[in-house]
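As you go down the protein sequences, you meet chains C and L in turn. According to UniProt numbering, the first sequence holds residues 1 to 382 in order. According to UniProt numbering, the second sequence holds residues 1 to 382 in order.
There are 2 protein chains.
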Amino acid sequence: MVGGGQLARMTHEAGIPLGIRFKLLSDTPQDSAAQVVGDVVIGDYRDLDTLRDFARGCDVITFDHEHVPTEHLRALEADGIPVRPGPDALVHAQDKGVMRARLDALGVPCPRHRIVADPADVVAFAAEGVTAAGADAGSDGFPVVLKTVRGGYDGKGVWVVRSAAEAAEPFRAGVPVLAEEKVAFVRELAANVVRSPHGQAVAYPVVESRQVDGVCDTVIAPAPGLSEELAGHAQELALRIAKELGVVGHLAVELFETADGRVLVNELAMRPHNSGHWSQDGAVTSQFANHVRAVLDLPLGDPRPRAKWTVMANVLGGDYPDMYGAYLHCMARDPQLKIHMYGKDVKPGRKVGHVNTYGDDLDDVLERARHAAGYLRGTITE
Amino acid sequence: MVGGGQLARMTHEAGIPLGIRFKLLSDTPQDSAAQVVGDVVIGDYRDLDTLRDFARGCDVITFDHEHVPTEHLRALEADGIPVRPGPDALVHAQDKGVMRARLDALGVPCPRHRIVADPADVVAFAAEGVTAAGADAGSDGFPVVLKTVRGGYDGKGVWVVRSAAEAAEPFRAGVPVLAEEKVAFVRELAANVVRSPHGQAVAYPVVESRQVDGVCDTVIAPAPGLSEELAGHAQELALRIAKELGVVGHLAVELFETADGRVLVNELAMRPHNSGHWSQDGAVTSQFANHVRAVLDLPLGDPRPRAKWTVMANVLGGDYPDMYGAYLHCMARDPQLKIHMYGKDVKPGRKVGHVNTYGDDLDDVLERARHAAGYLRGTITE
Chain C
1 MVGGGQLARM THEAGIPLGI RFKLLSDTPQ DSAAQVVGDV VIGDYRDLDT
51 LRDFARGCDV ITFDHEHVPT EHLRALEADG IPVRPGPDAL VHAQDKGVMR
101 ARLDALGVPC PRHRIVADPA DVVAFAAEGV TAAGADAGSD GFPVVLKTVR
151 GGYDGKGVWV VRSAAEAAEP FRAGVPVLAE EKVAFVRELA ANVVRSPHGQ
201 AVAYPVVESR QVDGVCDTVI APAPGLSEEL AGHAQELALR IAKELGVVGH
251 LAVELFETAD GRVLVNELAM RPHNSGHWSQ DGAVTSQFAN HVRAVLDLPL
301 GDPRPRAKWT VMANVLGGDY PDMYGAYLHC MARDPQLKIH MYGKDVKPGR
351 KVGHVNTYGD DLDDVLERAR HAAGYLRGTI TE
Chain L
1 MVGGGQLARM THEAGIPLGI RFKLLSDTPQ DSAAQVVGDV VIGDYRDLDT
51 LRDFARGCDV ITFDHEHVPT EHLRALEADG IPVRPGPDAL VHAQDKGVMR
101 ARLDALGVPC PRHRIVADPA DVVAFAAEGV TAAGADAGSD GFPVVLKTVR
151 GGYDGKGVWV VRSAAEAAEP FRAGVPVLAE EKVAFVRELA ANVVRSPHGQ
201 AVAYPVVESR QVDGVCDTVI APAPGLSEEL AGHAQELALR IAKELGVVGH
251 LAVELFETAD GRVLVNELAM RPHNSGHWSQ DGAVTSQFAN HVRAVLDLPL
301 GDPRPRAKWT VMANVLGGDY PDMYGAYLHC MARDPQLKIH MYGKDVKPGR
351 KVGHVNTYGD DLDDVLERAR HAAGYLRGTI TE
């Protein structure tokens, strides 16, 4: 696996019972996954020679993140190394412009969007949306969402702008900019699916994802009150995208649910995803185990839930670097709490872990997850 | 953790979400745990200097097996390294003579037993049992079970003898020999508990353990048809032993259930144990996670079951060294199957993994576990 973050850490954990010999390419020995994996190569994934040396002897290469250059992936494939997901699929998770164009071609519902050239073009894009249904826009068509097509995550590389003046910033990086209508969604959902090279695919229950300041805060599985029809539609959409794009491994389809009962595709991720962390303790087979099974072309495991409700809450770093006291408190308060720490130094706002809770009573399950996450961050002190 | 076997492998796996930095002392880099742990020292646990070098910088030392010499553990403690379980507790899992003497002193019911000096003494021991209630013995008191007090496991170091002539073999190693009546048990049970340094303790449901040729074959959690009263009694017995012996970490108390509704202690193990593997997929908190929590003096997790029935079946090596085809078949046949492979080369009879299954219907859960284990071994080929 290329990339030493928490996704690699948890993928290694899930691979241990499967008997997988896991090899990691990590930036530093201190990275989250590098702390717990046996076979670690330290190096820069942007350097093709490093990637080639790393890949030698691997049965298959997969990724903790989307940042490996597409041309490097093609070079590895040319060397005969299976790359899963492959570059032709992965580019849709790397480049939002390519992703939108492809989803349009497939007729998959997306927010209104187009690549914009400069702030004046953003004003034109906004004006085109004044009469569009479902957009959360004023008489000038603003606000508009601007995204650099590459390099963004967790709210980075995304701007919500209200004027031509505000629209200047995103163009400064010199990367193409995608404009999207600001969708008047009622909530965000995620449809997670896993697909293997021989075409087997499984769909997890559709979850509700709640964001705070552009960062995932809480995930509820399954999404409360979601109609079976819309849930099934979202799962089919994700399975269809996985198939049409040739995805191998885990695909997260982030969705907006609109007031009129539609879903629009927000983002794609082709790796285990924050919206699937609940599956570690809440599903028969976790997203990490199924990602491993898929990239190795093993039969996939059952994605069904084990509990009526499972809630995941992210633990962000707070003002206190030492979480140990809070960690003890949370374990003692709730012996059923499932803590997942990433081994990262605490910095304010940094994702350093998550907690999962499950049970029959959603209010209780939500309260336990939020209390633990808040206590670990330091925002709850009782 | 000292020892690179599968117990260390699975303990590391359980420590990853807890954010634990796991360091391993392993005989070879090929050992089960050494394949998946990041921080591995290769060395001989029988060498005190090796142990001391390994222990430097560790917060606490724990064990994959009981073979570290007691005097070495005392030396580590004298160096100021917490050893959990400590030597005064661990000796009861290392030396069956010490264990029996201590359990006698505590009034814990055990099979009739005493240390025997030679084959003639075995004949005398056998004769003393002719009138004993509950023993599975003929008019001469035979058969008798002989065990070397140290070094046995999985049926090794244990003999069932029917005459003075057969009783010669166990004395050849020059190790003290313990004679025990052969208990006419109806089945074997195990009571697994975990105890922390500050005295918190949790008890797992009492399980039924089925042995084939002296090796654990199947474990059913909870033990079917066990009365609440006897289950509670067995749990209390295990908690009491853990407390009285000062155990820290996981304690497995292997028990005989007799026809007249009593339980007798067979063996003790102070580490995660084969009879607790079901807890990885069947309990809120696995024995491995709770062992880690205990040895680090963290609050313990909930030991309660997540499913009505969970079955563990050991996968033994068969005649075919390549299990890959069988592994694929089992995953495809049962997407709910939980496979745990140890990364070991296949040798006939060697434990190379286990499977867990769970559900509401015991017959179905048993069939699925047995089929998978048998198929992986090669004894079932349909």
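By construction, the Cβ of each residue, glycine as well, lies at the ideal position given by its N, Cα and C atoms. The model shown is predicted, which means the values in this text are computed figures rather than measured ones.
Residues of chain L whose Cβ lies closer than 7 angstroms to the Cβ of ASP302 of chain C are, in chain order, PRO335 and GLN336. When 8 angstroms is used as the limit between beta carbons, ARG240 of chain C is near no residue of chain L, the shortest such separation being about 22 angstroms.
When Cβ pairs closer than 8 angstroms are counted between the two stretches, the segment 61 to 76 of chain C is seen not to touch the segment 57 to 66 of chain L, the count staying below three. DSSP, read as helix, strand or coil, puts GLU244 of chain L in helix.
Within the segment 38 to 57 of chain C, those residues whose Cβ lies closer than 8 angstroms to any Cβ of chain L are, in chain order, GLY38 and VAL40. Chain L places no beta carbon closer than 8 angstroms to that of GLY282 of chain C, leaving this residue out of the contacts. The C-beta of GLY5 of chain C comes no closer than 8 angstroms to any C-beta of chain L.
With a cut-off of 8 angstroms on Cβ pairs, the segment 281 to 301 of chain C is not in contact with the segment 258 to 269 of chain C, counting fewer than three such pairs.
About 19 angstroms separates the beta carbons of LEU189 of chain L and ARG100 of chain L, which is beyond the 8 angstroms limit, so they are not a contact pair. The three-state reading of DSSP puts TYR358 of chain L in strand, counting E and B together. For VAL144 of chain C, the uninterrupted beta strand (DSSP E) run begins and ends at 144 to 148, by DSSP.
It is roughly 33 angstroms from the alpha-carbon of ASP47 of chain C to the alpha-carbon of VAL315 of chain C. In this structure, the CA atom of GLU66 of chain L is about 11 angstroms from the CA atom of TYR45 of chain L.
In terms of CA proximity to PHE256 of chain L, L:ALA223 leads the group L:VAL284, L:ALA283 and L:ALA223.
Assigned with DSSP and collapsed to three states, PRO305 of chain C falls in strand. Within chain C, LEU298 and PRO299 have C-beta atoms less than 8 angstroms from the C-beta of LEU328 of chain L, given in sequence order.
Separation of VAL160 of chain C and GLY138 of chain C (C-alpha to C-alpha, rounded to the nearest whole angstrom) is 13 angstroms. In the DSSP assignment, ASP217 of chain L falls outside any alpha helix (DSSP H) and within the unbroken beta strand (DSSP E) covering 215 to 221.
As a beta-bridge residue in DSSP terms, ILE42 of chain C pairs with C:SER26. Proximity of chain C to ARG306 of chain L at the Cβ level (cut-off 7 angstroms) is accounted for by ARG306, in chain order.
Of all residues in the segment 225 to 237 of chain L, none places a beta-carbon less than 7 angstroms from a beta-carbon of chain C. Contact between THR258 of chain L and ALA184 of chain L holds: their C-beta atoms lie close to 7 angstroms from each other, under 8 angstroms.
Taking C-beta separations shorter than 6 angstroms and ignoring five residues to either side along the sequence, the partners of HIS277 of chain L in its chain run MET312 and HIS354, following chain order. A distance below 6 angstroms between beta-carbons, with the five flanking residues on each side excluded, links LEU366 of chain L to the following residues of its chain, in chain order: VAL311. By the neighbour-count definition (other C-beta atoms within 10 Å, threshold 16), GLU382 of chain C is an exposed residue. The beta carbon of TYR375 of chain C sits closer than 7 angstroms to the beta carbons of ALA326, HIS329 and CYS330 from its chain, once the five residues preceding and following it are set aside; these are given in chain order. Across the segment 349 to 373 of chain L, CB contacts with chain C closer than 8 angstroms involve GLY353, in sequence order along the chain. Close to chain C, meaning a Cβ-Cβ distance shorter than 8 angstroms, are the following residues of the segment 16 to 33 of chain L: ILE16, PRO17, LEU18, GLY19, ARG21 and PHE22. With distances taken between CA atoms, VAL352 of chain C lies nearest to C:VAL215 out of C:HIS113, C:PHE288 and C:VAL215. Think of a sphere of 7 angstroms around the beta carbon of MET341 of chain C: the chain L residues whose beta carbon falls inside it are PRO17, LEU18 and GLY19, in chain order. The distance from the Cβ of GLY378 of chain L to that of ASP319 of chain L is about 6 angstroms, consistent with a contact at the 8 angstroms cut-off.
Across the set L:VAL206, L:ILE81, L:ALA78 and L:ARG240, the C-alpha of L:ARG240 shows the shortest separation from the C-alpha of GLY107 of chain L. For SER209 of chain C, the enclosing beta strand (DSSP E) has its first and last residue at 207 to 212. Between ALA332 of chain L and chain C, the shortest Cβ-Cβ separation is below 8 angstroms. Exclusion of the five residues before and after ASP360 of chain C leaves ALA307, LYS308 and TRP309 as the residues of its chain whose Cβ lies within less than 8 angstroms of its Cβ. MET10 of chain C: not part of any beta strand (DSSP E); member of the alpha helix (DSSP H) spanning 6 to 15, first to last residue.
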